[in-house]
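Under my numbering, the first residue of the sequence shown carries the number 412, and numbering increases by one thereafter. Step one of this worksheet: look at the structure below.
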Amino acid sequence: MALRNQLLQVMQHYLQAKRDKLSKHHPIFRLVTTEIPNTIKLFSFIDQDRYVVKGSTGQGVWTDVPWIAIMNKTITTSTQRGYYIVYLFSDDMKKVHLTLAQGVTETPKEEMLRINEEIRQIIPLNENVKKDDELNLGESKKAKEYKPSVAAYISYSFERMPSDEQLQRDLQQMIQYYENYVEIKTNMKKFKHLSYQSIVQHIYSYISSKGFYYTKEEVINLFLSLKTKPFVILSGISGTGKTKIVQWLAESVGATEKNGRFTLIPVRPDWNDGSDLLGYVDIKGEFKPGPLTKVILEAEQHEEDPYFVLLDEMNLARVEHYFSDVLSVMESRRWENGKIVSSNLLAKEIAGQDISLPPNVYIIGTVNMDETTHPFSKKVLDRANTIEFNRVQLNHLDFLKELKEAEPIQLKQEVFTAKYLHLKDVYHQYPHIVEKATTELVQINEYLQPLGAHVGYRVRDEICFYLAYNEEGQLMTFENAFDHCLLQKILPRISGSDTRVQRALEQLFTFCTNIELNEEYDGLLDFTYTKYPKSANKVLDMLRRLRDDGFTSFWIGS
């Protein structure tokens, strides 16, 4: 008998059967527990070595909601636990529902709701498949008990039961969603305890597989910068791949535009306050959320997943005008009951609810420095790692010869979330890191103080956070990691045209290299074996521009 007819038989005769004594010899009992499972097992897409198919009409007495479940053996073989495909009949037998559901007996309510949301995220918009909490199984106790366990469903009525072919297609599609989720959960377990080195290697391999060349150290630096603080600026000339490295990093850990966890927001030159980014109240008094607020509201509902926002060409408008509220709230982050919380970004009076900045939102801005853009204030530079992408090696093609495909892995928020918000958190674990970094910064401040460019506690603390994550992951040497911090947290603060700037840069050059500069800043110098080679090269470039143009800054084209 075809599945369609078997389901109709149950719906037509089950209520009558409930008047009889439950017996394994009863035709409805055999239909639900044996015949329908056997029909499903014969479908070409059902691997009997992989799946268990069971049906039930109750134990001892007839249940109000009979069911037939298809379970992946690696997940569960009992409907009391795990997640699985199950046909659930409504208690009035007018409908049967093909569902992706969970065991209610051994699954805590909070975990059940969380898994429902995870499953719903992987199922695309589909007119046929419902992803809501509106499933109606009836008014019986068992019907109400099963309802919250259902993440997705397709409903069939007795009067409008589709063809057997359609029932099979629906089941095959639902099993595909099921298997997609099984794969994601398997990967989550597999990658949950990955080391920083393994995570960075994966991101680097994924980006390389897309045909984009970045050094592994550049990937390490971006990863550490995001972990240090959820706001990073990528600067450089146009066409060096600033946008792509962010997109591929997000995609490598499962965050895409399709699932809403990667969002590109183009900045417009006419932005002069936060309304274009955060939202505004219209003439009707209704709050219209901006693109960043939409991401924040979504991220708050899925706090275990990282969300990446790319502000493209963020300095086309003055950053401190439209982004100042976000920067201020970012500084308010603190620990409460073991979680990172912040002050409100939007008040209830404006948005209808208090909206803060969740710790799983990471904002990366790309900037080009030319005559069409605005420079950054120290307020902005203090609050970000500024990573420069100006390296161009057009003749570097060897990496294209042996590109290997790399698949994204679903990494959770814990990979990127901050462990340190206060210096004491770092000092408790890595006192030698804090002391060594502070010694270097005290020396640097002596050079920068005459310019008013010396660093304060915030920069000191964030450099120590970066160095601590690096130490924990054993990703770079202390000197290499501090070189990145000097390059992206301190040098962007320096600009000017007088002898004080020249003197400070010359002192920084000697600090980085132990080399005294002569009056000429010409020729190619090899700083590979000096203490801070990247910063030394940048300082030398800034000195050359001061000599040639009478003015210098960190930014090319400024």
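Glycine is no exception: its CB is placed at the ideal position from the N, C-alpha and C atoms.
With a cut-off of 8 Å on the beta carbons, I'd call Pro769 and Glu714 a contact; round off their distance for me.
6 Å
Residues that Phe500 bridges to, as DSSP identifies them:
Val507
Indicate whether Ile618 and Phe634 have their beta-carbon atoms separated by less than 9 Å.
no
Provide the residue span of the beta strand (DSSP E) that contains Tyr718, from first to last.
Tyr718 to Asp723
Exposed or buried, what is Asp716 when buried is set at 16 or more other beta-carbons lying within 10 Å of its beta-carbon?
buried
Taking only three categories from DSSP, how would you classify Leu805?
Summary for Leu805: the model assigns pLDDT 49, below 50, so the residue's position carries little reliability; its value from the coordinates is reported in the next sentence. Leu805: coil per DSSP, three-state reduction.
Based on the DSSP output, what are the partners of Lys596 in its beta bridges?
According to DSSP, Lys596 bridges with nothing at all.
How long is the line joining the alpha carbons of Gln584 and Thr488, rounded to whole angstroms?
21 Å
Distance between beta carbons of Leu727 and Val791, contact taken as under 8 Å
About 14 Å separates the two Cβ atoms, so there is no contact after all.
Can you tell me the Cβ-Cβ gap for Ala829 and Lys638, rounded? I've got them flagged as a contact below 8 Å.
7 Å
State the CB to CB distance for the pair Ser566 and Lys506, rounded to an integer number of angstroms; the pair is presumed to be in contact (CB under 8 Å).
6 Å
Pick helix, strand or coil for Phe623, following the three-state DSSP scheme.
coil
Phe920 lies in the alpha helix (DSSP H); which residues open and close that run?
Thr910 to Thr924
For Gly690, write down the residues that DSSP places opposite it in a beta bridge.
Pro700
Short check: CB of Phe787 to CB of Ile644, under 9 Å?
yes
Using the C-alpha atoms, what's the distance from Lys835 back to Gly749?
16 Å
What does the alpha-carbon distance come out to for the pair Asn670 and Asn527?
16 Å
Name the two residues that bound the continuous alpha helix (DSSP H) containing Glu384.
No answer is possible for residue 384: the residues shown for the chain start at 412 and end at 969.
Considering only residues of the same chain and omitting the five flanking positions on each side of Asn632, which have a CB-CB separation below 6 Å?
His895
Inter-residue Cα distance where the pair is Leu546 and Ser686
39 Å
Between Ala512 and the rest of its own chain, which residues show a CB-CB distance below 6 Å, the 5 nearest in sequence each way excluded?
Val497, Ser560 and Val561
The beta strand (DSSP E) spanning Ile775 covers which residue range?
Val772 to Val778
Determine contact between the stretch 678-693 and the stretch 621-628, defined as no fewer than three beta-carbon pairs at a distance below 8 Å.
no
Relative to the C-alpha of Leu919, which residue among Glu846, Thr674 and Lys945 is closest?
Lys945
Report the rounded CA-to-CA distance for Ser568 versus Leu418, giving the unit in angstroms.
10 Å
Using the beta-carbon count (16 or more within 10 Å), is Asn948 buried or exposed?
buried
Which residue wins for smallest C-alpha separation from Met504, given the options Pro861, Leu426 and Gln821?
Leu426
Counting pairs of beta carbons, one from the stretch 759-779 and one from the stretch 840-847, are three or more of them closer than 8 Å?
no
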